[in-house]
Amino acid sequence: MTSPETAVPASDFVRDTVRRDNEQGTYGGRVQTRFPPEPNGYLHIGHAKAITVDFGVAEDFDGTCKLRFDDTNPQTEDEEYVASIIEDIRWLGYTPDEIVYASDYFEQLYAWAEQLVERGLAYVDEQDSETISAQRGGYGQPGIESPFRDTAPEENLRKLRAMRAGEFPDGSRVLRARIDMQHENMQLRDPIMYRIRRGHHHRTGDAWCLYPTYDWAHGQSDALEGVTHSLCTLEFESHRPLYNWFLQQLPLPGDTPKQLEFARLELTHTVTSKRRLAKLVHDGLVDGWDDPRMPTISGLRRRGYPAAAIRDFCRYVGVNRTNSRPGIELLESFVRRELNRTAQRRMAVIRPLKLVITNWPTRPDGSPVVEYFAVVNNPENEADGTREVAFSGELYIEREDFAEVPPPKYFRLSPGREVRLRGAYFVTATEVVKDEDGTVTEVRCTYDPQTRGGTAADGRKVKSTMHWVSAQHAVDATAVLYDRLFSAEAPGAATGEPLDDLNTDSREVLTGCKVEAALADTAPGQVVQFERLGYFAHDPRTPMLFHRTVGLRDEWAAIQKRQGK
RNA sequence: UGGGGUAUGGUGUAAUUGGCAGCACGAGUGAUUCUGGUUCACUUAGUCAAGGUUCGAGUCCUUGUACCCCAACCA
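Residue numbers (our numbering): 1 to 565.
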């Protein structure tokens, strides 16, 4: 448990409702939820909240939670998405009690639809979608009844069967529930139950040309599965009366499920619209759904976000009915909290600057002496042990760790100043080598043999400890630094259309980085901390490619900012 | 325009249901530190507005205000 228990609310309105239902015996003490994604894209951070709520509530009350694919629209759905969704849920640490599909219920739904038709509660409308939409009326405006509304049940039944038999072209007819065209809630103005849509369905193939809408499929699927609490997001609130209406009309096998809505998760600097994410992928603005810049679960995973951090974050923001947009910093703080505990430390320089020790000893054959130092892998976790790091007279340090003219409060290396090379020796810069442009290409220094291991025999202190790699032993690597995908607050990121707030230059690729040899042993997918540079995830597919997961909290950057730099 | 929701520091979220407005992120100050990391201490800042009931209101009442959702054969 890495979450700050003190700050996590003990309950929320969803859990309160479930608890009350249990106390009153509403569902015989049974708790069943479901996570119902449409397989038309990859899961993103917003879904992670829904997942932690759906699975978390079931877990807390010793109930069950199934994964149900809401595959009612063949035009947008694909097996690729089914597979990725299952993988992402498992990676997040949840195991569905069962994996089911709304398409499993197509036959039952159709049978029920015929029953509604027979009872005069549904009818076939032959008008086109524009006409139907116009007749629906507007907010505060009355609706107009369709001329097909009072067709006799036998006639409707005949038409519905002909629809199913494929006798009509796409979009030519729909089945509508016969409710109330004057209802103040638009959802109840004779909503569509079935539309004709010939498309190859990823599971039922070409068996159907008739597909149920969300409203006709969802509550009925819940009921068929025995769901007790159907948790969804706030925008479905106005659908609840319709959800209940359908259930009231049907001979349900068991209890009537209860729909509860909560606010969806949004984040600053983050797009949480599947439509817009799909556009980024299809327009080629990112390298795929798992591009580390993407806020998808798979993107975050590749970027090195630990599942535990995502879970803790979701739990922490809570379940509520208030639309909000937490700062991305909050998520990142959970990532750092987790990684600080678990990530091994390594020395690496992503913008190398050569550091030559002029008084470093040589062997009789003229080659430089090599020393090895044992370094702790993770000071937060002794069990991670130590590793040997080679040290010699030619090193690389981080370019920004040297300043020819040090600004105020700058503690790192500069001419005449002594610093510690972590775990090795104290060195003092003596000389700067530049190219014709005046760029520093090399720094020369002397080391003090009396400071072996990083401790001065005379007890003197230095203000800075720097990371380094031995030039002779270093391994070349590539590091990718990510900015946030969006440069601004991404107004309308959830609902808006434009992508013009996208920061397409949000990635800086640094080749020629130098990392210590021990890093070559890092497992693909593993996240390590490059000391002082941040947490980096070893790409699962490409050797020696590292994605920066998050940076460290950087006090020096804050100082520079304050100095107005 | 009708209906349905939601309002607590800069951000997110609590408050035993009418009883000291707390926690976290962020920001700031200081201490510790062989990572300007971590850790520790302190500081900062809030009940949408106006009335009302009450010994006492974030919580109850009234009237406003702001924001979100609903008129796909999407989910």
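Backbone N, C-alpha and C fix where the C-beta goes; we use that ideal spot for every residue, glycine too.
| Query | Result |
| --- | --- |
| Under the three-state reduction of DSSP, which class applies to E266: helix, strand or coil? | coil |
| State yes or no: is the C-beta of A58 within less than 7 Å of the C-beta of T33? | yes |
| Round the Cβ separation of A223 and L247 to the nearest angstrom and send it over; I've been treating them as touching at under 8 Å. | 6 Å |
| Grouping DSSP H, G and I as helix and E and B as strand, with all else coil, what is H239? | helix |
| With distances taken Cα to Cα, identify the nearest neighbour of Y535 among I328, V335 and I310. | V335 |
| Would you mind stating whether A343 and L395 have Cβ atoms separated by less than 7 Å? | no |
| Quick one, are the C-beta atoms of V319 and V31 less than 7 Å apart? | no |
| Comparing C-alpha positions only, which one of L92, F426 and D170 sits nearest to R315? | L92 |
| Measuring CB atoms only, is the region 459-474 touching the region 386-401, in the sense that at least three cross pairs come out at less than 8 Å? | yes |
| Under the three-state reduction of DSSP, which class applies to L355: helix, strand or coil? | strand |
| Specify the secondary structure class of Y81 as computed by DSSP and reduced to three states. | helix |
| Using three-state DSSP, classify C513 as helix, strand or coil. | strand |
| Indicate the three-state DSSP secondary structure (helix, strand or coil) for L175 in the structure shown. | strand |
| Within 10 Å of its beta-carbon, does F55 have 16 or more other beta-carbons around it, so buried, or fewer, so exposed? | buried |
| Helix, strand or coil: which one does DSSP assign to H467? | coil |
| Do V356 and R444 have their C-beta atoms within less than 7 Å of each other? | yes |
| Consult DSSP for E126 and reduce its assignment to one of helix, strand or coil. | coil |
| The alpha helix (DSSP H) that contains R189, what's its start and end? | Neither: R189 is in no alpha helix (DSSP H) and is coded neither H nor E. |
| Tell me the residue span of the beta strand (DSSP E) that contains F313. | Element bounds for F313: not the beta strand (DSSP E) but the alpha helix (DSSP H), A307 to V317. |
| Taking 8 Å as the cut-off, does the region 69-80 touch the region 194-211 (at least 3 CB pairs, one atom from each stretch)? | yes |
| For the 8 Å Cβ check, are there 3 or more pairs between the region 99-119 and the region 127-141? | no |
| Whose C-alpha, out of E516, D401, H547 and S414, is nearest the C-alpha of A557? | D401 |
| Are there 16 or more other CB atoms within 10 angstroms of the CB of S298, so buried, or fewer, so exposed? | buried |
| Whose C-alpha, out of T233, S367, A390 and G525, is nearest the C-alpha of R321? | T233 |
| Counting pairs of beta carbons, one from the region 518-531 and one from the region 446-463, are three or more of them closer than 8 Å? | no |
| In three-state terms, what does DSSP make of I99? | strand |
| Going by the CB atoms, is the gap between G46 and R264 shorter than 7 Å? | yes |
| Which residue from F313, E338 and R399 puts its Cα closest to that of P326? | F313 |
| Given a threshold of 16 other Cβ atoms within 10 Å of its Cβ, counted over all protein chains shown, does V369 qualify as buried or as exposed? | exposed |
| Throw me the rounded Cβ distance for the E516 and A474 pair, which I believe falls under 8 Å. | 7 Å |
| I think P257 touches T228, with their Cβ atoms under 8 Å apart; what is that distance to the nearest whole Å? | 6 Å |
| G140 to G551, Cα distance in whole Å? | 52 Å |
| Determine which residues share a DSSP beta bridge with F402 and list them. | L413 |
| Keeping to the same chain, check which residues put their C-beta closer than 8 Å to that of L330; ignore five residues upstream and five downstream. | F313, Y316 and V317 |
| Using a 10 Å radius around the Cβ and a threshold of 16 neighbouring Cβ atoms, would you call G539 buried or exposed? | The question names Gly, yet the displayed sequence has Asp at residue 539. Buried, because 16 or more other Cβ atoms sit within 10 Å of the Cβ of D539. |
| Would DSSP call Q249 helix, strand or coil? | helix |
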